[in-house]
Amino acid sequence: MRIATIGLPPSSLRIWTLAPTAELVLNGAETGDSTAFAQVGPVRWLSNGGLVVADAGSQRLLVFDAGGRLVRTLGRRGDGPGEFRRLDGLAVWPGDTLTTFDPRQRRLSVWHPDTGLVRSMNLAGDGSFDSWPADAWLWRGAVVVFQLSLVPLDSVPAGSGVRRWPTRAQLALRDTSGRTLIESARFDGPYSGLVENGDVRLPFANRPFVAVSRDRVHFGSGSVFEITSLDTAFRPAGIIRWPAQSEPLEPGEIARLKAELDRLLVQQNVPPGPRTALNQSFAPEILPDERPAIGRVFAGADGRLWAERFEPVRLGTALQTPGDRWTILEADGAPVATLRLPALTRLEDVRGDRVVVVQRDSLDVQTVAIFRIQRR
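FYI, in numbering that gives the first Met the number 0 the residues of the sequence shown are 0 to 375.
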């Protein structure tokens, strides 16, 4: 197994930016549905230059051609085959095979943009109250399942504040009948805050990631800048580490996020009980000393890895702040550049020197846009 430790300061990398003007912008009006794009999920390129957009607000897949014309919609809200309760994961494979994962139904579905639903695989049997599949992908004729498990803890006595409730993560490679072929080593999953009457979400908890490419599966806890890769036999093939990417968690960032939460709670007339519980998410004893390093990771068709700088969870709202800085690495870990994005711009897919992003304006209106990368 190859271990690459990067010693360069992140500031030494070339800076890439987006071109001033988008090549294509979609605002949802193309669908004729005024509710479209209320909550845009993952967006992926198709082989013909078209796009498939996961419209999480309407629980549909929207298929657009390369010119931005809506070609068809796939799926709808519901519990049956081809229906979603929560449209989350989206991936595109050779031949434009699409896969989606619905974590509420624990269902992996396979689609084709021309013909619709091909088949579904129910992963509900892989879960329980304390262990569940969080995502899944087709890969080389098998299924990669990202599993999370709670770590058992005693309850918190009244008046004892808050403490971390960790989870453990693991990847499993299974055949299409559900039989486990091989499992990865366990790694740190996210953690919540355990309080006397339940648990609360923590804005600065780590966010584990998985990125699946043609011949590699990349994963990590997100706590530090470390990416582990599995080969086609699902065995460890390499680790990329970059210690200099670690950043201290600054009091100013904590204060800004808490002030935003306080404003939202007042605007939404949240009663004192839930308000107190949410404010426990910022208890000093629960905060890490360093910011988690990585939010999401993409694996490009050229083998490059794109790692997003972590951004904390905005409590009290479904609209999250995406990372505005992406680190690009060669497959062997050699640093390439840093991509800097405008504020409220979420990177979704990369193809050569073009990217597709989701942008949100000051009124929280979302659009999907294609830009060229300017390389300096």
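Beta carbons: idealized from backbone N, C-alpha and C, even for Gly.
Taking the CA atoms as reference points, Glu310 sits about 21 Å from Asp134. Note: Trp325 is bridge-paired with Glu307 and Leu338 in the DSSP secondary-structure output. Under the 8 Å Cβ criterion, the region 222-242 does not count as touching the region 271-282, having fewer than three qualifying pairs.
Exposed is the label assigned to Gln373, since fewer than 16 other Cβ atoms lie within 10 Å of its Cβ. Val91 and Thr98 have their C-alpha atoms spaced approximately 7 Å apart. Residue pairing from DSSP leaves Gly94 without any beta-bridge partner. Between the region 146-154 and the region 199-206 there are fewer than three C-beta pairs closer than 8 Å, too few to call the two in contact. Between Ala168 and Pro132, the gap from beta carbon to beta carbon reaches 8 Å or more.
For Val150, the number of other beta carbons within 10 angstroms of its own is below 16, and it is reported as exposed. The continuous stretches of beta strand (DSSP E) do not include Leu314, and DSSP gives it neither H nor E. The three-state secondary structure of Thr114, taken from DSSP, is coil. Along the length of the region 222-256, whole beta strand (DSSP E) runs at least 3 residues long occupy 225-229 and 235-240, reported in chain order. Annotated three-state conformation of Gly272 is helix, per DSSP. The C-alpha of Gly140 lies about 47 Å from the C-alpha of Arg255.
Counting every other CB atom within 10 Å of its CB across the protein chains shown gives Gly251 a total below 16, marking it as exposed. Bounds of the beta strand (DSSP E) holding Glu347 are Thr344 to Arg350.
In this model, Glu82 and Ser11 are separated by some 47 Å (Cα to Cα).
Taking the Cα of Gly79 as reference, the smallest distance to any Cα among Val209, Gln104 and Leu152 is reached at Gln104.
For Pro341 and Thr366, the gap between their C-alpha atoms comes out near 14 Å. Within the same chain, Gly67, Ala368 and Ile369 come within 7 Å of Leu23 by CB-CB distance, once the 5 residues on both sides are set aside.
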